[in-house]
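Under numbering that gives the first Met the number 0, read the sequence shown as residues 0 to 668, first letter to last.
For every residue, glycine included, the Cβ atom is placed at its ideal position computed from N, Cα and C.
The next block holds one structure in the form of structure tokens; read it before the comments.
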Amino acid sequence: MFEKLLIANRGEIACRIARTCRRLGIPAATVHSSVDRNALHVQEVGESIEIGGAPAVESYLNTAAILETAIAVGADAIHPGIGFLSEDPEFAEAVEAAGLVFVGPRPETMRCFSDKWSAKGQARLADVPVIDGSEGSFSDPEEIEERVRQMPLPVMLKAVAGGGGRGVRVIKTMDGLSAAIASAMREASASFGRPDLLIEGFVENARHIEVQVAGDGQGNVLHLFERECSLQRRFQKIIEEAPAEKLLSEMRERILEAAVRLAATVEYRGLGTVEFLVKDGEYYFLECNPRLQVEHTVTEAITGLDLVELQLHIASKRTLPMRQNEVTLSGHAIQGRVYAESSAGGFIPSTGTVLCVDFPKRDLRVDSGVKAGSTITSHYDPMIAKLVAYGNDRGQALAILKQAVRKTVVLGLETNLDFLSSLLRHPVVVAGTADNGFIDREIQELHTPPPPPELAAIASILWMRRMHTQNEQDPWSAYGSMVGWRLSDGIDCAPSQPAFLLRNGSTSVPISFGHENKDGSVVVALDGVEISARVIDGGGGHYEAALGSRVISVCAAFGEQTVYLHSQHGSTKFAVEPYLSVDSGADSLNGVLSAQMMGKVVQVYVKAGDKVAAKAPLIVQESMKMELTITAPFDGTVVSVGCREGDLIERNHPVIEIAPTAQSTKEST
Numbered sequence: 000m001f002e003k004l005l006i007a008n009r010g011e012i013a014c015r016i017a018r019t020c021r022r023l024g025i026p027a028a029t030v031h032s033s034v035d036r037n038a039l040h041v042q043e044v045g046e047s048i049e050i051g052g053a054p055a056v057e058s059y060l061n062t063a064a065i066l067e068t069a070i071a072v073g074a075d076a077i078h079p080g081i082g083f084l085s086e087d088p089e090f091a092e093a094v095e096a097a098g099l100v101f102v103g104p105r106p107e108t109m110r111c112f113s114d115k116w117s118a119k120g121q122a123r124l125a126d127v128p129v130i131d132g133s134e135g136s137f138s139d140p141e142e143i144e145e146r147v148r149q150m151p152l153p154v155m156l157k158a159v160a161g162g163g164g165r166g167v168r169v170i171k172t173m174d175g176l177s178a179a180i181a182s183a184m185r186e187a188s189a190s191f192g193r194p195d196l197l198i199e200g201f202v203e204n205a206r207h208i209e210v211q212v213a214g215d216g217q218g219n220v221l222h223l224f225e226r227e228c229s230l231q232r233r234f235q236k237i238i239e240e241a242p243a244e245k246l247l248s249e250m251r252e253r254i255l256e257a258a259v260r261l262a263a264t265v266e267y268r269g270l271g272t273v274e275f276l277v278k279d280g281e282y283y284f285l286e287c288n289p290r291l292q293v294e295h296t297v298t299e300a301i302t303g304l305d306l307v308e309l310q311l312h313i314a315s316k317r318t319l320p321m322r323q324n325e326v327t328l329s330g331h332a333i334q335g336r337v338y339a340e341s342s343a344g345g346f347i348p349s350t351g352t353v354l355c356v357d358f359p360k361r362d363l364r365v366d367s368g369v370k371a372g373s374t375i376t377s378h379y380d381p382m383i384a385k386l387v388a389y390g391n392d393r394g395q396a397l398a399i400l401k402q403a404v405r406k407t408v409v410l411g412l413e414t415n416l417d418f419l420s421s422l423l424r425h426p427v428v429v430a431g432t433a434d435n436g437f438i439d440r441e442i443q444e445l446h447t448p449p450p451p452p453e454l455a456a457i458a459s460i461l462w463m464r465r466m467h468t469q470n471e472q473d474p475w476s477a478y479g480s481m482v483g484w485r486l487s488d489g490i491d492c493a494p495s496q497p498a499f500l501l502r503n504g505s506t507s508v509p510i511s512f513g514h515e516n517k518d519g520s521v522v523v524a525l526d527g528v529e530i531s532a533r534v535i536d537g538g539g540g541h542y543e544a545a546l547g548s549r550v551i552s553v554c555a556a557f558g559e560q561t562v563y564l565h566s567q568h569g570s571t572k573f574a575v576e577p578y579l580s581v582d583s584g585a586d587s588l589n590g591v592l593s594a595q596m597m598g599k600v601v602q603v604y605v606k607a608g609d610k611v612a613a614k615a616p617l618i619v620q621e622s623m624k625m626e627l628t629i630t631a632p633f634d635g636t637v638v639s640v641g642c643r644e645g646d647l648i649e650r651n652h653p654v655i656e657i658a659p660t661a662q663s664t665k666e667s668t
């Protein structure tokens, strides 16, 4: 096929393309930005050139740098992957002008379908049904508002150059119309460089069905069957499957034939996806994506084809390697997208470092671009992995995916794993009857319940154990000190004074510790509710927690002030916050000062015998990025200091004693 391929992309798709290259014996190289130097795709491909800074415009959208790299590494073809430059006709032209092969459709085909109004016109020429709407696209907000007011509601505003749900707004009432138009135009401009919008009727509660097509560029086109992508949040796909469940055979044939007919009218070259909305026995053209799709994996599972290999074959030989009757379908496949995002917070992307990642090893295909230590930044798509399950039928595939989602461990940032688990268990999803508005309608029902209190107890014990083993030279780092034995009266219960607050979501709970029992268990009080647990370190971030006769297995990872747990209940994030004393006046009157929070002593300003003035700083304590200075309550002399710099001390531990001067005594009297 090719002497060498440059993969002009990153993440899971770059890793996935590289796998096919290795199997076919095609040497490959890739590119990376400055923040991706240690990224998984750099390691997986084996040869990578840094081409710019973290912003995509400086690197993965930098046409000149990519072309220079291709020539430098000796590549004769470029695969654009998914996103970034994969649908940019100017990039495709530049590749071909440089004497290289662009693995994708011709530039003119990309221009036709990258503009939604142009694509709609092409569908009409191919006699494919389209959604009624305005003629043309518009960039004047006043004109858009005027045309919306002339159309029956609801209507949809769509970025004409858009995709992935960006630049899309549904108008169901005229209230706030101007703001909605402005918002859609800003998002369209920021995402695609064009603010203009298309206006069309909104087909509510429809199924989203798409057809994978392949063409040789000479008018010969075949389909690779259809996919169901109705499970979306905010018009962004989250679960995809193939084939579409409960789609009448007559409707399936009409849609497949329409997709092939549309592609043939433009003499389509390479792979593409034609998308439709289906409702009430009718189907409507939605868009055509002239590239590889994220969900191509489920088509590969049911056909046994390698779609990247098919792309490379068409790009190099300009022929199709099979006829339509040679494309067969077997079984059922379902894919779940794992994102770094806060599902409860409106699917806002989550950034940070992946501390631990572990995927099931059996009966599952995993396409991922992250590893332990990978950083999810705000510069790129927050997808962590695609979990692809295959079975003899939909029920078997769904069961495999459910189990895989429960067993997937990603710690260090928030993910949608718990949301996926809840979604896959919903009766409507199990029945295969969801439409593209299902998630947005049922979002509250799909949120997972708060974690059980025993997980908070386990997280508390692990946090305290970690804090007190970070400084092995500290005389108070023994396990007994972490449970506050200084305050214990010997009774098997937790002391009344909380050590810190443990927060999950919007709920904060004060945590107190009792002493260690003979069996190694610790009493933990969560806002007064006591739980006795014995936590055993199994190594590699794995722990066994015994709560009486019950044993819970967990994986754990730690942030600066966060505990991440994964258990049979899913993944949970606990933030650890300092718990401050509200009144230390009683101690101050007799000159004995105590720590107002649990934490590390970072500065000791005095020693026994020193004269101090009222309000003079004595000790600085730090806990969870928060510093607290303990000051002298009056003029006096330091009698004793009960801590050293570097010590980890409990809340209410006596740290310093001051004897007042005679004058201070008179004033206080």
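Next item on the list: Please state whether DSSP places GLN217 in a helix, a strand or coil.
Entry: coil
Checklist line | Reference VAL638, options LEU196, VAL605, SER229, GLN149, closest by Cα | finding: VAL605
Note to self: Do GLY271 and ARG290 have their beta-carbon atoms positioned less than 9 angstroms apart in this structure?
What the structure shows: yes
Notebook entry, point to check: Got a sec? Which residues, its chain only, sit under 6 angstroms from MET184 by beta carbon, not counting five neighbours each side?
Noted result: PRO194
Margin query: Rounded to the nearest angstrom, what separates ASP131 and LEU285 at their Cα positions?
Written below: 11 angstroms
Check: Can you list, in chain order, the residues of its chain whose CB lies under 6 angstroms from that of LEU445, leaving out five sequence neighbours each side?
Finding: SER421, LEU422
Check: Does the separation of the CB atoms of GLN560 and ALA574 fall below 9 angstroms?
Finding: yes
Note to self: Whole angstroms are fine: how far does the CA of MET321 sit from the CA of PHE90?
What the structure shows: 29 angstroms
Note to self: DSSP three-state label for ALA524, please.
What the structure shows: strand
Next item on the list: With a 10 Å radius around its C-beta and 16 neighbouring C-beta atoms as the bar for buried, classify GLU2 as buried or exposed.
Entry: exposed
Notebook entry, point to check: Going by the CB atoms, is the gap between ASN415 and ARG364 shorter than 9 angstroms?
Noted result: no
Notebook entry, point to check: If you draw a straight line from the C-alpha of ALA724 to the C-alpha of GLU141, how long is it?
Noted result: Summary: the structure shown does not reach residue 724, with the chain confined to residues 0 through 668, and so no result is reported for it.
Margin query: Rounded to whole angstroms, what is the Cα-Cα separation between ALA7 and LEU99?
Written below: 13 angstroms
Notebook entry, point to check: How do the stretch 325-342 and the stretch 222-237 stand: do at least 3 beta-carbon pairs fall below 8 angstroms, yes or no?
Noted result: yes
Item checked: At least 3 beta-carbon pairs within less than 8 angstroms: the stretch 521-528 vs the stretch 506-513 -> yes
Checklist line | Buried or exposed (CB count within 10 angstroms, at least 16 for buried), ILE238 | finding: buried
Next item on the list: Can you grab the Cα-Cα spacing for the pair ALA258 / VAL273, in whole Å?
Entry: 6 angstroms
Next item on the list: Go through its chain and collect everything with a Cβ distance to THR628's Cβ below 7 angstroms, but skip five positions before and after it.
Entry: PRO616, VAL619
Next item on the list: Within 10 angstroms of the Cβ of SER377, are there 16 or more other Cβ atoms? Answer buried if so, exposed if not.
Entry: exposed
Notebook entry, point to check: Assuming ALA594 contacts VAL654 under a Cβ cut-off of 8 angstroms, what Cβ separation, rounded to an integer in Å, is found between them?
Noted result: 5 angstroms
Notebook entry, point to check: Comparing the C-beta of GLN121 with each C-beta of chain C, is any distance below 9 angstroms?
Noted result: Absence of chain C from the displayed structure is noted, only one protein chain being present.
Notebook entry, point to check: Within the chosen definition, does the stretch 98-117 reach the stretch 68-84 through at least 3 CB pairs nearer than 8 angstroms?
Noted result: yes
Check: Which word fits ARG317, buried or exposed, when buried means at least 16 other C-beta atoms lie within 10 angstroms of its C-beta?
Finding: exposed
Margin query: Looking at VAL210: is its Cβ nearer than 9 angstroms to the Cβ of ARG226?
Written below: yes
Item checked: Length of the line joining the Cα atoms of GLY214 and CYS287 -> 14 angstroms
Note to self: Tell me which residues share the same chain as PHE358 and place their Cβ nearer than 6 angstroms to its Cβ, disregarding the 5 neighbours each side in the sequence.
What the structure shows: VAL365, THR407
Notebook entry, point to check: Whose C-beta lies closer than 7 angstroms to the C-beta of GLY519 among residues of the same chain, with five residues either side of it excluded?
Noted result: ARG533
Note to self: Can you give me the C-alpha to C-alpha distance between GLY218 and LEU261, rounded to a whole angstrom?
What the structure shows: 10 angstroms
Margin query: Using only CA atoms, which one of CYS355, PRO450, GLU299 lies nearest to VAL212?
Written below: GLU299
Checklist line | Segment limits, alpha helix (DSSP H) that includes SER177 | finding: 176-191
Next item on the list: Using the Cα positions of VAL428 and ARG268, report the straight-line distance between them to the nearest angstrom.
Entry: 35 angstroms
Next item on the list: Give the range of the alpha helix (DSSP H) segment to which PHE689 is assigned.
Entry: Summary: the structure shown does not reach residue 689, with the chain confined to residues 0 through 668, and so no result is reported for it.
Check: Excluding the five sequence neighbours on either side, which residues of its own chain have a C-beta within less than 8 angstroms of the C-beta of TYR282, listed in chain order?
Finding: PRO128, ILE208, MET250, ARG253, ILE254, ALA257, PHE275, LEU276
Notebook entry, point to check: Tell me, which residues are paired with SER32 by DSSP?
Noted result: GLY51
Note to self: Measuring straight from C-alpha to C-alpha, what distance separates VAL72 and LEU23?
What the structure shows: 19 angstroms
Notebook entry, point to check: Are the beta-carbon atoms belonging to LYS171 and PHE201 less than 9 angstroms from one another?
Noted result: yes
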